[in-house]
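*Asks:* Residue numbers (the numbering used here): 137 to 580.
Ideal Cβ placement from N, Cα and C applies to all residues, glycine included.
Note that this is a predicted model, so its numbers are computed, not measured.
Questions regarding the structure given below will be posed in turn.
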Amino acid sequence: MGTMLDVLGIGFGPANIALAVSLEELYPRMTSEFLEAQSTATWQPGMLLDGSDIQNHPLRDLVTPRNPQSRYTFVNYLHQNNRLFEFLNLGVTYPLRKEYSRYIEWVAQHFGNRVTYGMTVVELRSTRLPASKGPHYEVVTEDGTLRLCRALVVAPGRTALIPREFESILGERVFHLTEYLSRIQSIASKRNFNRILVVGASQSAVEIVIDLSSRLPEIEIVNVMRSFGYQLKDTSPFSERVYFPEFVDYFYRSKLHSRQTLTDELRRTNYSSADADVINQLYRRIYEQKLDGKQQIFILSNYDIIAAQIEDEKVVLTMREKHRGTIATERVDAVVLATGFRNLGPGDNEEKCPRLLQSLCHHFKLNNDGTLCVNYDYSLETTGDVAPIYLNGLCESSHGLGDAGSFSLLALRSATIVKSLAKRLSEEAKSPLVIGSMALKSGT
(Lines of atoms letter the chains of each structure in order from A; the text may use other names.)
(Lines give C-alpha, C1' and ligand atoms only; values in the text may rest on other atoms or scores of the structure.)
Protein backbone atom coordinates (compact mmCIF):
# COMPACT_ATOMS: atom_id res chain seq x y z
CA MET A 137 0.00 0.00 0.00
CA GLY A 138 1.25 3.47 -0.88
CA THR A 139 1.15 6.69 1.11
CA MET A 140 -2.32 8.06 1.79
CA LEU A 141 -2.83 11.33 -0.10
CA ASP A 142 -5.32 13.94 0.99
CA VAL A 143 -6.43 14.58 -2.59
CA LEU A 144 -5.93 12.80 -5.87
CA GLY A 145 -6.97 14.60 -9.04
CA ILE A 146 -7.77 12.68 -12.21
CA GLY A 147 -7.04 14.78 -15.27
CA PHE A 148 -4.71 17.77 -15.50
CA GLY A 149 -6.37 20.08 -17.97
CA PRO A 150 -7.39 23.67 -17.12
CA ALA A 151 -9.90 22.65 -14.43
CA ASN A 152 -7.49 20.64 -12.30
CA ILE A 153 -4.56 22.95 -13.06
CA ALA A 154 -6.66 25.72 -11.50
CA LEU A 155 -7.31 23.36 -8.59
CA ALA A 156 -3.57 22.78 -8.13
CA VAL A 157 -3.05 26.54 -7.99
CA SER A 158 -5.80 26.91 -5.38
CA LEU A 159 -4.34 24.09 -3.30
CA GLU A 160 -0.92 25.74 -3.32
CA GLU A 161 -2.22 29.21 -2.49
CA LEU A 162 -4.97 28.33 0.00
CA TYR A 163 -3.92 25.08 1.70
CA PRO A 164 -0.30 24.31 0.78
CA ARG A 165 0.04 21.56 3.37
CA MET A 166 -2.71 19.45 1.83
CA THR A 167 -1.00 16.52 0.10
CA SER A 168 -2.04 15.97 -3.51
CA GLU A 169 -1.17 14.30 -6.79
CA PHE A 170 -2.66 14.51 -10.28
CA LEU A 171 -2.83 11.85 -12.98
CA GLU A 172 -3.05 12.85 -16.65
CA ALA A 173 -3.52 10.38 -19.50
CA GLN A 174 -1.92 12.68 -22.06
CA SER A 175 1.85 13.07 -22.28
CA THR A 176 1.66 16.82 -21.51
CA ALA A 177 -0.80 19.36 -20.15
CA THR A 178 -2.15 20.22 -23.58
CA TRP A 179 -5.38 22.14 -24.07
CA GLN A 180 -7.45 21.41 -27.19
CA PRO A 181 -4.40 20.42 -29.27
CA GLY A 182 -6.63 19.38 -32.16
CA MET A 183 -8.10 22.88 -32.49
CA LEU A 184 -5.11 25.21 -32.18
CA LEU A 185 -5.91 26.72 -35.56
CA ASP A 186 -4.09 29.69 -37.04
CA GLY A 187 -5.89 32.91 -36.13
CA SER A 188 -8.50 31.33 -33.84
CA ASP A 189 -9.17 32.95 -30.46
CA ILE A 190 -10.48 31.73 -27.12
CA GLN A 191 -13.78 33.71 -27.04
CA ASN A 192 -13.10 34.46 -23.41
CA HIS A 193 -11.76 37.56 -21.64
CA PRO A 194 -8.09 36.89 -20.79
CA LEU A 195 -8.52 37.96 -17.16
CA ARG A 196 -10.93 35.08 -16.66
CA ASP A 197 -7.92 32.83 -16.47
CA LEU A 198 -6.91 30.05 -14.07
CA VAL A 199 -6.57 32.32 -11.04
CA THR A 200 -7.28 36.07 -11.51
CA PRO A 201 -10.99 36.11 -10.48
CA ARG A 202 -9.94 34.50 -7.17
CA ASN A 203 -6.51 36.06 -6.63
CA PRO A 204 -5.41 38.85 -9.02
CA GLN A 205 -2.06 39.05 -7.18
CA SER A 206 -1.14 35.45 -7.98
CA ARG A 207 2.02 34.70 -9.92
CA TYR A 208 -0.06 32.37 -12.13
CA THR A 209 -2.10 35.04 -13.90
CA PHE A 210 -2.21 35.39 -17.68
CA VAL A 211 -0.77 38.89 -17.32
CA ASN A 212 2.23 37.56 -15.41
CA TYR A 213 2.69 34.84 -18.01
CA LEU A 214 2.96 37.56 -20.69
CA HIS A 215 5.33 39.57 -18.50
CA GLN A 216 7.57 36.57 -17.77
CA ASN A 217 7.76 35.81 -21.48
CA ASN A 218 8.51 39.43 -22.49
CA ARG A 219 5.31 39.75 -24.53
CA LEU A 220 3.13 42.00 -22.39
CA PHE A 221 3.49 45.19 -24.44
CA GLU A 222 3.37 43.32 -27.74
CA PHE A 223 0.14 41.66 -26.61
CA LEU A 224 -1.37 44.96 -25.50
CA ASN A 225 -0.45 46.40 -28.89
CA LEU A 226 -2.47 43.70 -30.69
CA GLY A 227 -5.66 45.57 -29.90
CA VAL A 228 -7.71 42.35 -29.63
CA THR A 229 -10.46 41.49 -27.19
CA TYR A 230 -9.64 37.80 -26.98
CA PRO A 231 -6.20 36.12 -27.02
CA LEU A 232 -5.18 33.65 -29.69
CA ARG A 233 -6.03 30.08 -28.78
CA LYS A 234 -2.36 29.15 -29.31
CA GLU A 235 -1.32 31.81 -26.78
CA TYR A 236 -3.76 30.65 -24.13
CA SER A 237 -2.73 27.05 -24.65
CA ARG A 238 0.86 28.02 -23.96
CA TYR A 239 -0.24 29.95 -20.87
CA ILE A 240 -1.93 26.81 -19.54
CA GLU A 241 1.19 24.75 -20.23
CA TRP A 242 3.30 27.44 -18.51
CA VAL A 243 1.20 27.20 -15.33
CA ALA A 244 1.22 23.40 -15.47
CA GLN A 245 5.03 23.36 -15.58
CA HIS A 246 5.10 24.80 -12.07
CA PHE A 247 3.44 21.62 -10.76
CA GLY A 248 5.67 19.01 -12.38
CA ASN A 249 6.36 17.43 -8.99
CA ARG A 250 2.63 16.86 -8.38
CA VAL A 251 1.49 15.41 -11.70
CA THR A 252 2.23 12.13 -13.47
CA TYR A 253 1.68 12.30 -17.23
CA GLY A 254 0.91 9.42 -19.58
CA MET A 255 -0.98 7.67 -16.79
CA THR A 256 -4.46 6.29 -17.39
CA VAL A 257 -6.74 5.29 -14.51
CA VAL A 258 -8.25 1.84 -15.08
CA GLU A 259 -10.07 1.21 -11.81
CA LEU A 260 -11.54 3.14 -8.87
CA ARG A 261 -12.56 1.49 -5.61
CA SER A 262 -14.17 2.90 -2.50
CA THR A 263 -13.02 1.17 0.68
CA ARG A 264 -12.54 1.45 4.45
CA LEU A 265 -9.90 -1.27 4.71
CA PRO A 266 -7.84 -1.10 6.75
CA ALA A 267 -10.38 0.55 9.06
CA SER A 268 -7.72 2.74 10.65
CA LYS A 269 -7.43 4.73 7.43
CA GLY A 270 -11.10 5.68 7.36
CA PRO A 271 -13.10 5.89 4.10
CA HIS A 272 -10.84 6.40 1.12
CA TYR A 273 -10.34 5.51 -2.52
CA GLU A 274 -8.01 3.05 -4.16
CA VAL A 275 -6.95 4.24 -7.63
CA VAL A 276 -5.39 1.72 -9.99
CA THR A 277 -3.48 2.91 -13.06
CA GLU A 278 -2.65 0.98 -16.24
CA ASP A 279 0.87 0.21 -15.01
CA GLY A 280 -0.62 -1.65 -12.04
CA THR A 281 0.27 1.04 -9.48
CA LEU A 282 -2.14 1.52 -6.57
CA ARG A 283 -2.67 4.95 -5.02
CA LEU A 284 -4.68 5.77 -1.90
CA CYS A 285 -6.49 9.04 -1.28
CA ARG A 286 -8.96 10.51 1.16
CA ALA A 287 -10.73 12.46 -1.58
CA LEU A 288 -11.01 12.41 -5.38
CA VAL A 289 -11.40 15.35 -7.76
CA VAL A 290 -12.39 14.12 -11.20
CA ALA A 291 -11.77 16.38 -14.21
CA PRO A 292 -11.43 14.16 -17.31
CA GLY A 293 -13.13 16.64 -19.62
CA ARG A 294 -16.39 16.00 -21.40
CA THR A 295 -16.91 13.01 -23.67
CA ALA A 296 -16.90 13.72 -27.40
CA LEU A 297 -20.41 13.55 -28.89
CA ILE A 298 -20.32 11.08 -31.78
CA PRO A 299 -23.68 10.72 -33.57
CA ARG A 300 -24.67 7.06 -33.61
CA GLU A 301 -24.61 6.99 -37.44
CA PHE A 302 -20.81 7.43 -37.30
CA GLU A 303 -19.85 5.34 -34.26
CA SER A 304 -18.90 2.22 -36.25
CA ILE A 305 -16.81 3.99 -38.92
CA LEU A 306 -14.55 6.26 -36.85
CA GLY A 307 -10.97 6.34 -38.02
CA GLU A 308 -8.82 7.95 -40.68
CA ARG A 309 -11.79 9.11 -42.76
CA VAL A 310 -14.27 9.97 -39.99
CA PHE A 311 -13.12 11.78 -36.86
CA HIS A 312 -14.20 14.23 -34.15
CA LEU A 313 -12.96 17.82 -34.03
CA THR A 314 -10.71 16.92 -31.08
CA GLU A 315 -8.52 15.03 -33.58
CA TYR A 316 -8.77 17.62 -36.33
CA LEU A 317 -5.19 18.89 -36.65
CA SER A 318 -3.44 15.52 -36.46
CA ARG A 319 -5.88 13.90 -38.87
CA ILE A 320 -5.93 16.74 -41.39
CA GLN A 321 -2.13 16.88 -41.52
CA SER A 322 -2.18 13.22 -42.51
CA ILE A 323 -4.89 13.84 -45.09
CA ALA A 324 -2.97 16.75 -46.59
CA SER A 325 -0.18 14.38 -47.58
CA LYS A 326 -2.53 12.15 -49.59
CA ARG A 327 -3.46 12.84 -53.20
CA ASN A 328 -6.73 10.90 -53.17
CA PHE A 329 -8.57 13.15 -50.72
CA ASN A 330 -10.51 15.65 -52.82
CA ARG A 331 -13.75 16.24 -50.92
CA ILE A 332 -14.22 16.75 -47.19
CA LEU A 333 -17.50 17.18 -45.32
CA VAL A 334 -17.91 19.00 -41.99
CA VAL A 335 -20.91 18.19 -39.80
CA GLY A 336 -22.23 20.96 -37.53
CA ALA A 337 -23.02 24.68 -37.31
CA SER A 338 -21.03 25.70 -34.24
CA GLN A 339 -18.07 28.05 -33.81
CA SER A 340 -15.78 25.06 -34.26
CA ALA A 341 -17.52 24.04 -37.48
CA VAL A 342 -17.04 27.51 -38.99
CA GLU A 343 -13.39 27.64 -37.90
CA ILE A 344 -12.71 24.21 -39.40
CA VAL A 345 -14.31 25.12 -42.74
CA ILE A 346 -12.21 28.29 -42.91
CA ASP A 347 -9.05 26.40 -41.96
CA LEU A 348 -9.70 23.68 -44.55
CA SER A 349 -10.23 26.31 -47.24
CA SER A 350 -6.86 27.92 -46.46
CA ARG A 351 -4.94 24.72 -45.79
CA LEU A 352 -6.24 22.69 -48.76
CA PRO A 353 -7.31 25.19 -51.44
CA GLU A 354 -7.72 22.51 -54.13
CA ILE A 355 -10.27 20.36 -52.32
CA GLU A 356 -14.04 20.79 -52.13
CA ILE A 357 -15.56 21.44 -48.70
CA VAL A 358 -19.17 20.64 -47.83
CA ASN A 359 -20.72 21.79 -44.55
CA VAL A 360 -23.91 19.97 -43.54
CA MET A 361 -26.09 21.41 -40.78
CA ARG A 362 -29.52 20.76 -39.32
CA SER A 363 -30.31 24.47 -38.99
CA PHE A 364 -31.18 27.00 -41.70
CA GLY A 365 -27.84 28.74 -41.23
CA TYR A 366 -25.18 29.72 -38.73
CA GLN A 367 -26.62 31.41 -35.66
CA LEU A 368 -24.90 34.43 -34.11
CA LYS A 369 -23.61 33.80 -30.63
CA ASP A 370 -25.54 35.71 -27.99
CA THR A 371 -22.90 38.06 -26.63
CA SER A 372 -25.28 40.54 -25.02
CA PRO A 373 -23.76 41.71 -21.72
CA PHE A 374 -27.08 40.86 -20.11
CA SER A 375 -27.01 37.27 -21.37
CA GLU A 376 -23.32 36.96 -20.55
CA ARG A 377 -24.21 37.30 -16.87
CA VAL A 378 -24.73 33.54 -17.13
CA TYR A 379 -20.96 33.40 -16.52
CA PHE A 380 -21.16 35.38 -13.26
CA PRO A 381 -20.72 33.54 -9.95
CA GLU A 382 -24.13 34.86 -8.83
CA PHE A 383 -25.78 32.93 -11.66
CA VAL A 384 -24.32 29.68 -10.33
CA ASP A 385 -26.17 30.24 -7.06
CA TYR A 386 -29.39 31.24 -8.85
CA PHE A 387 -29.26 28.26 -11.22
CA TYR A 388 -28.35 25.71 -8.57
CA ARG A 389 -31.23 26.73 -6.31
CA SER A 390 -33.78 26.59 -9.14
CA LYS A 391 -36.04 23.59 -9.70
CA LEU A 392 -34.94 20.94 -12.18
CA HIS A 393 -37.47 21.97 -14.85
CA SER A 394 -36.50 25.64 -14.38
CA ARG A 395 -32.84 24.78 -14.93
CA GLN A 396 -33.74 23.27 -18.30
CA THR A 397 -35.78 26.36 -19.21
CA LEU A 398 -32.86 28.62 -18.33
CA THR A 399 -30.44 26.47 -20.32
CA ASP A 400 -32.70 26.52 -23.39
CA GLU A 401 -33.13 30.29 -23.13
CA LEU A 402 -29.41 30.97 -22.76
CA ARG A 403 -28.13 28.17 -25.00
CA ARG A 404 -26.75 30.46 -27.73
CA THR A 405 -24.29 32.06 -25.32
CA ASN A 406 -22.24 28.88 -25.84
CA TYR A 407 -23.85 26.27 -28.12
CA SER A 408 -24.92 25.91 -31.77
CA SER A 409 -23.72 29.42 -32.57
CA ALA A 410 -20.66 31.31 -33.76
CA ASP A 411 -19.08 34.73 -33.41
CA ALA A 412 -19.83 37.39 -36.00
CA ASP A 413 -16.19 37.72 -37.08
CA VAL A 414 -15.84 34.12 -38.29
CA ILE A 415 -19.35 34.01 -39.79
CA ASN A 416 -18.65 37.16 -41.79
CA GLN A 417 -15.22 35.88 -42.80
CA LEU A 418 -16.72 32.66 -44.14
CA TYR A 419 -19.54 34.44 -45.97
CA ARG A 420 -17.06 36.80 -47.67
CA ARG A 421 -14.87 33.87 -48.66
CA ILE A 422 -17.76 32.01 -50.30
CA TYR A 423 -18.89 35.20 -52.03
CA GLU A 424 -15.42 35.84 -53.43
CA GLN A 425 -15.11 32.24 -54.59
CA LYS A 426 -18.38 32.60 -56.51
CA LEU A 427 -17.20 35.92 -57.90
CA ASP A 428 -14.06 34.23 -59.24
CA GLY A 429 -16.03 31.25 -60.54
CA LYS A 430 -14.07 28.89 -58.29
CA GLN A 431 -16.48 27.96 -55.51
CA GLN A 432 -14.81 25.63 -53.05
CA ILE A 433 -17.14 25.79 -50.03
CA PHE A 434 -20.74 24.56 -50.17
CA ILE A 435 -23.33 24.82 -47.37
CA LEU A 436 -26.12 22.25 -47.10
CA SER A 437 -28.73 23.54 -44.63
CA ASN A 438 -31.73 21.81 -43.03
CA TYR A 439 -30.40 18.27 -43.40
CA ASP A 440 -30.47 15.36 -40.97
CA ILE A 441 -27.87 12.66 -41.57
CA ILE A 442 -29.72 9.35 -41.28
CA ALA A 443 -27.01 6.87 -42.35
CA ALA A 444 -23.26 6.73 -42.96
CA GLN A 445 -21.01 3.97 -44.25
CA ILE A 446 -17.65 3.35 -45.95
CA GLU A 447 -17.85 2.18 -49.56
CA ASP A 448 -14.85 1.86 -51.92
CA GLU A 449 -12.72 4.15 -49.73
CA LYS A 450 -15.44 6.80 -49.70
CA VAL A 451 -17.73 7.92 -46.87
CA VAL A 452 -21.31 7.71 -48.14
CA LEU A 453 -23.88 9.79 -46.28
CA THR A 454 -27.63 9.50 -46.63
CA MET A 455 -29.44 12.69 -45.64
CA ARG A 456 -33.04 13.80 -45.28
CA GLU A 457 -34.14 17.40 -45.89
CA LYS A 458 -35.97 18.38 -42.71
CA HIS A 459 -38.84 20.35 -44.21
CA ARG A 460 -39.46 18.66 -47.57
CA GLY A 461 -38.50 15.10 -46.68
CA THR A 462 -36.35 14.61 -49.78
CA ILE A 463 -33.43 12.18 -49.60
CA ALA A 464 -29.94 13.13 -50.78
CA THR A 465 -26.63 11.27 -50.90
CA GLU A 466 -23.11 12.66 -50.49
CA ARG A 467 -19.88 10.78 -51.28
CA VAL A 468 -16.80 12.31 -49.69
CA ASP A 469 -13.26 11.32 -48.78
CA ALA A 470 -13.44 12.36 -45.14
CA VAL A 471 -15.88 13.65 -42.51
CA VAL A 472 -15.06 16.00 -39.63
CA LEU A 473 -17.57 15.81 -36.78
CA ALA A 474 -17.91 19.30 -35.27
CA THR A 475 -20.66 17.85 -33.10
CA GLY A 476 -19.58 19.00 -29.66
CA PHE A 477 -19.52 17.08 -26.41
CA ARG A 478 -21.82 15.17 -24.09
CA ASN A 479 -22.96 16.91 -20.92
CA LEU A 480 -24.16 15.10 -17.83
CA GLY A 481 -27.91 14.65 -18.06
CA PRO A 482 -30.79 12.32 -18.96
CA GLY A 483 -31.03 13.21 -22.67
CA ASP A 484 -30.14 11.08 -25.69
CA ASN A 485 -26.95 13.07 -26.29
CA GLU A 486 -26.01 13.23 -22.61
CA GLU A 487 -24.57 10.79 -20.10
CA LYS A 488 -25.93 10.16 -16.62
CA CYS A 489 -22.55 9.30 -15.12
CA PRO A 490 -18.98 9.93 -16.36
CA ARG A 491 -17.49 6.73 -17.75
CA LEU A 492 -14.62 6.96 -15.31
CA LEU A 493 -17.04 6.69 -12.38
CA GLN A 494 -19.19 3.81 -13.64
CA SER A 495 -17.72 1.38 -11.10
CA LEU A 496 -18.66 3.75 -8.25
CA CYS A 497 -22.13 4.76 -9.44
CA HIS A 498 -23.90 2.56 -6.88
CA HIS A 499 -22.43 4.83 -4.17
CA PHE A 500 -24.07 7.98 -5.56
CA LYS A 501 -27.53 9.40 -4.93
CA LEU A 502 -29.59 10.21 -8.03
CA ASN A 503 -32.14 12.86 -8.94
CA ASN A 504 -35.61 11.86 -10.09
CA ASP A 505 -34.44 11.94 -13.72
CA GLY A 506 -31.66 9.46 -12.96
CA THR A 507 -28.82 11.98 -13.05
CA LEU A 508 -26.15 12.34 -10.39
CA CYS A 509 -27.06 14.48 -7.41
CA VAL A 510 -24.33 17.13 -7.20
CA ASN A 511 -23.94 19.30 -4.11
CA TYR A 512 -23.35 23.05 -4.23
CA ASP A 513 -19.63 22.53 -3.54
CA TYR A 514 -19.37 20.24 -6.64
CA SER A 515 -19.16 17.09 -4.55
CA LEU A 516 -21.36 14.12 -5.37
CA GLU A 517 -23.97 13.21 -2.81
CA THR A 518 -23.12 9.70 -1.73
CA THR A 519 -24.88 6.86 0.05
CA GLY A 520 -23.27 5.34 3.11
CA ASP A 521 -19.81 6.02 4.45
CA VAL A 522 -17.94 7.06 1.30
CA ALA A 523 -14.99 9.43 0.99
CA PRO A 524 -15.59 12.83 -0.71
CA ILE A 525 -15.57 12.93 -4.50
CA TYR A 526 -15.88 16.07 -6.65
CA LEU A 527 -16.64 16.79 -10.30
CA ASN A 528 -14.49 19.62 -11.63
CA GLY A 529 -15.84 21.00 -14.90
CA LEU A 530 -18.68 18.54 -15.53
CA CYS A 531 -21.56 20.16 -13.65
CA GLU A 532 -23.38 22.20 -16.28
CA SER A 533 -26.70 20.46 -15.54
CA SER A 534 -26.54 21.41 -11.85
CA HIS A 535 -24.50 24.66 -11.83
CA GLY A 536 -25.30 26.23 -15.19
CA LEU A 537 -23.55 27.22 -18.40
CA GLY A 538 -20.55 28.63 -16.54
CA ASP A 539 -19.52 24.99 -16.12
CA ALA A 540 -19.79 24.29 -19.87
CA GLY A 541 -16.10 24.06 -20.69
CA SER A 542 -15.69 27.78 -20.08
CA PHE A 543 -12.75 29.45 -18.34
CA SER A 544 -15.05 32.03 -16.76
CA LEU A 545 -15.50 30.35 -13.37
CA LEU A 546 -12.50 27.98 -13.21
CA ALA A 547 -10.68 29.99 -10.54
CA LEU A 548 -13.71 30.44 -8.28
CA ARG A 549 -14.88 26.85 -8.72
CA SER A 550 -11.46 25.52 -7.74
CA ALA A 551 -11.55 27.64 -4.56
CA THR A 552 -15.00 26.29 -3.69
CA ILE A 553 -13.75 22.71 -4.07
CA VAL A 554 -10.54 23.29 -2.12
CA LYS A 555 -12.31 24.99 0.80
CA SER A 556 -14.84 22.16 0.89
CA LEU A 557 -12.03 19.60 0.85
CA ALA A 558 -10.34 21.29 3.80
CA LYS A 559 -13.57 21.25 5.77
CA ARG A 560 -14.59 17.69 4.87
CA LEU A 561 -11.18 16.14 5.46
CA SER A 562 -10.65 17.90 8.78
CA GLU A 563 -14.08 16.77 9.97
CA GLU A 564 -13.29 13.18 9.07
CA ALA A 565 -9.99 13.44 10.92
CA LYS A 566 -12.00 14.71 13.93
CA SER A 567 -9.45 17.46 14.47
CA PRO A 568 -9.62 21.12 13.36
CA LEU A 569 -8.07 21.33 9.88
CA VAL A 570 -5.64 18.48 10.31
CA ILE A 571 -4.52 17.87 6.75
CA GLY A 572 -1.50 16.05 5.40
CA SER A 573 -0.61 15.13 8.99
CA MET A 574 -0.09 18.83 9.77
CA ALA A 575 -2.39 21.28 11.51
CA LEU A 576 -3.60 24.40 9.73
CA LYS A 577 -4.86 27.53 11.37
CA SER A 578 -8.61 28.02 11.34
CA GLY A 579 -9.84 30.47 8.75
CA THR A 580 -6.94 29.83 6.35
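Could you tell me which uninterrupted alpha helix (DSSP H) segments, each at least 4 residues in length, are contained entirely in the segment 229-278, listed from first to last along the chain?
*Replies:* 233-245, all fully within the segment 229-278.
*Asks:* Count the other C-beta atoms from every protein chain shown that fall within 10 angstroms of the C-beta of SER206, then say buried if there are 16 or more, exposed otherwise.
*Replies:* Per the 10 Å Cβ criterion, buried.
*Asks:* May I ask whether a heavy atom of the ligand GDP can be found less than 7 Å away from the beta carbon of GLU486?
*Replies:* Absent from the structure shown: the ligand GDP. Ligands present: none.
*Asks:* In this structure, does DSSP put TYR386 in helix, strand or coil?
*Replies:* Helix.
*Asks:* For the segment 486-563, list the alpha helix (DSSP H) runs that are entirely contained and at least 4 residues long, ordered along the chain.
*Replies:* Qualifying alpha helix (DSSP H) stretches, in chain order: 532-535.
*Asks:* Examine the Cβ distances between the segment 437-450 and the segment 360-372 and report whether three or more of them are shorter than 8 Å.
*Replies:* Short answer: they touch.
*Asks:* Could you tell me the distance, in whole angstroms, from the CA atom of GLU354 to the CA atom of ASN330?
*Replies:* About 8 Å.
*Asks:* Report the rounded CA-to-CA distance for GLY149 versus PRO266, giving the unit in angstroms.
*Replies:* So the two alpha carbons sit approximately 33 Å from each other.
*Asks:* Determine the direct distance from the alpha carbon of LEU402 to that of PRO568, and round the result to whole angstroms.
*Replies:* Reliability fails at PRO568, whose pLDDT of 43 lies under 50, so the model's placement of it is uncertain and the value that follows must be treated cautiously. If I take the Cα positions, the gap works out to 42 Å.
*Asks:* If contacts are defined as beta-carbon pairs under 8 Å, then VAL554 and LEU159 qualify, I think. What distance do you get, rounded to the angstrom?
*Replies:* Contact holds; Cβ gap of about 6 Å.
*Asks:* Does the Cβ-Cβ distance between VAL243 and GLY145 come in under 8 Å?
*Replies:* No, Cβ-Cβ distance for VAL243 and GLY145 is not below 8 Å.
*Asks:* With a threshold of 6 Å on Cβ separation, who are the neighbours of MET255 within its own chain once the five nearest residues in sequence on each side are excluded?
*Replies:* Here the set comprises LEU171, THR277.
*Asks:* Give the straight-line distance between the Cα atoms of ARG336 and SER562, rounded to the nearest whole angstrom.
*Replies:* Sequence inspection shows Gly at residue 336; the Arg mentioned does not correspond to that position. One C-alpha to the other measures close to 48 Å.
*Asks:* Let me check understanding here. Comparing Cα to Cα, which of SER168, ARG300, THR178 lies closest to ASN136?
*Replies:* Residue numbering for the chain in the displayed model covers 137 to 580; residue 136 lies beyond these limits and cannot be assessed.
*Asks:* Does the segment 311-327 come close enough to the segment 471-478 to have 3 or more Cβ pairs within less than 8 Å?
*Replies:* The segment 311-327 is in contact with the segment 471-478.
*Asks:* Please report the distance separating the alpha-carbon of ARG300 from that of LEU306.
*Replies:* Straight-line Cα distance between these residues: approximately 11 Å.
*Asks:* Is ASN359 helix, strand or coil when you go by DSSP?
*Replies:* Of the three classes helix, strand and coil, the one that applies to ASN359 here is strand, per DSSP.
*Asks:* Beta carbon of GLY270, beta carbon of ARG264: below 8 Å?
*Replies:* Yes.
*Asks:* Tell me, please, whether the segment 452-466 touches the segment 495-510 by the rule of three or more beta-carbon pairs shorter than 8 Å.
*Replies:* Touching, no, given that fewer than three Cβ pairs across the two stretches are closer than 8 Å.
*Asks:* Run through the DSSP bridge pairs and tell me what LEU368 is partnered with.
*Replies:* Partner(s): ALA410.
*Asks:* Quick one: what's got a C-beta closer than 6 Å to ARG319's C-beta in the same chain, skipping five residues either side?
*Replies:* Counting only Cβ-Cβ distances below 6 Å, and skipping sequence neighbours, we find PHE311.
*Asks:* Within its chain, find whatever has a CB closer than 7 Å to the CB of HIS535; leave out the 5 residues flanking it on each side and keep chain order.
*Replies:* Within the same chain, HIS535 has close Cβ partners VAL384, PHE387, TYR388.
*Asks:* With distances taken from CA atoms, which of ARG165, THR176, THR139 is nearest ILE127?
*Replies:* The shown model of the chain, from 137 to 580, leaves out residue 127, and the question about it has no answer.
*Asks:* Take MET455 as the anchor and find which of GLU449, GLU447, ASP448, ALA443 has the nearest alpha-carbon.
*Replies:* Of the listed residues, the one whose Cα sits closest to MET455 is ALA443.
*Asks:* Cα-Cα, which of GLU303, ASN192, MET140, ARG165 is closest to GLY541?
*Replies:* For the residues GLU303, ASN192, MET140, ARG165, the minimum Cα distance to GLY541 belongs to ASN192.
*Asks:* For PHE374 and SER409, I'd like the C-alpha separation in whole angstroms.
*Replies:* Going from the Cα of PHE374 to the Cα of SER409 covers about 17 Å.
*Asks:* Give the DSSP bridge partners of GLN445, in chain order.
*Replies:* In the DSSP output, where bridge partners are listed per residue, GLN445 has VAL452.
*Asks:* Nearest CA to the CA of GLU376: which residue from TYR208, SER340, GLY538?
*Replies:* When each option's Cα is compared against that of GLU376, the closest is GLY538.
*Asks:* Looking only at its chain, what residues have a beta carbon closer than 6 Å to the beta carbon of THR200, apart from the 5 residues adjacent to it on each side?
*Replies:* Excluding sequence neighbours, THR200 sits near THR209.
*Asks:* Write down the C-beta distance between PHE500 and LEU492 rounded to the nearest angstrom, noting that I regard them as a contact closer than 8 Å.
*Replies:* Going by Cβ atoms, the distance from PHE500 to LEU492 rounds to 13 Å, so no, they are not a contact pair.
*Asks:* When you compare only the Cα positions, how much space is there between VAL157 and ASN528?
*Replies:* Cα to Cα, the separation comes out at about 14 Å.
*Asks:* Could you pull the start and end residues of the alpha helix (DSSP H) that ILE346 belongs to?
*Replies:* ILE346 -> alpha helix (DSSP H) spans 339-351.
*Asks:* Does DSSP classify HIS459 as helix, strand or coil?
*Replies:* In this structure, HIS459 counts as coil in the three-state DSSP scheme.
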